[in-house]
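Inspection log for the structure reproduced underneath, given as structure tokens.
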Amino acid sequence: MATDHEIWADRYEVIVLEGCDGVGKTTYATALATKYGYRIVHADRTPEGADLFRRHQAILTRPGRLVLDRSFISELVYGPLLHGRCRLAMSQTTELLGMVAARRGVLIHLTATPEQIQARLLARDGTAPTLDELRTLIARYFTVFADLARHTEVLTVDNEQAA
1 MATDHEIWAD
11 RYEVIVLEGC
21 DGVGKTTYAT
31 ALATKYGYRI
41 VHADRTPEGA
51 DLFRRHQAIL
61 TRPGRLVLDR
71 SFISELVYGP
81 LLHGRCRLAM
91 SQTTELLGMV
101 AARRGVLIHL
111 TATPEQIQAR
121 LLARDGTAPT
131 LDELRTLIAR
141 YFTVFADLAR
151 HTEVLTVDNE
161 QAA
């Protein structure tokens, strides 16, 4: 039976991995890069004043197979929750989603339970959000991905075992 990685590598040129910190994005990205030649692009939070939209446009125009280990989608989740606003307009988000789709791309929503995510973060970083904070983030990711699925393909992957 084919693994997620094999199926994705066969179907998609651009893979956008998203989900809470500690859900396994980097583990998936590394496997895709190592086994299938994807180039990893990790998107940290774009500093205030920088053009977030142009930054992600430039990322999505890079040639070759790309796996995005976090992306503009994080802004849609974390921006309103942690900073009180999203720095991308819906029209900009839609344009970025169109760029993903035009490159045979897919959005991968990685999930796990709050308890699993918290345990991974504590093991990795020594610190983690509370379970209530994680529940809020997880719920926000589900809401955002439900909206984005109207514009491009979204796959939700329960990553309870890995990472």
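Residue numbers for the sequence shown, in the working numbering: 1 to 163.
Heads up, the beta-carbon is just placed ideally off N, CA and C, and yes, glycines get one too.
*If we count Cβ pairs, one from each stretch, closer than 8 Å, do we get three or more for the region 46-66 versus the region 133-150?*
no
_DSSP has VAL157 in a bridge; who is on the other side?_
Along the sequence shown, read from residue 1 onward, the residue named residue 157 stands at position 157. LEU110, per the DSSP bridge assignment.
*Those residues which DSSP pairs with GLU18 across a bridge*: Position 18 of the sequence shown, counting from 1, holds the residue named residue 18. HIS109, per the DSSP bridge assignment.
_Check for me: the beta strand (DSSP E) holding LEU68 runs from which residue to which?_
To locate residue 68, count along the sequence shown from 1; it is residue 68. Where LEU68 is concerned, the enclosing beta strand (DSSP E) stretches over 66-69.
*Just the C-alpha distance for ALA146 and GLY19, rounded to the nearest angstrom, thanks.*
Position 146 of the sequence shown, counted from the start, is the residue given in the question as residue 146. Position 19 of the sequence shown, counted from the start, is the residue given in the question as residue 19. Going from the Cα of ALA146 to the Cα of GLY19 covers about 13 Å.
_Contact under 8 Å by Cβ, VAL157 with ILE15_ = Here residue 157 refers to the residue found at position 157 when the sequence shown is read from its first residue. Here residue 15 refers to the residue found at position 15 when the sequence shown is read from its first residue. Not closer than 8 Å, so no.
_With a threshold of 8 Å, are at least 3 pairs of Cβ atoms found where one atom belongs to the region 113-131 and the other to the region 51-69?_
no
*Please name the residue or residues paired with VAL144 in a DSSP beta bridge.*
Counting from 1 along the sequence shown, the entry for residue 144 is found at position 144. DSSP output for VAL144 lists no bridge partner at all.
*Let me know if ALA29 comes out buried or exposed under the rule of 16 or more other beta-carbons within 10 Å of its beta-carbon.*
The residue given as residue 29 occupies position 29 in the sequence shown. By the 10 Å Cβ count, ALA29 comes out buried.
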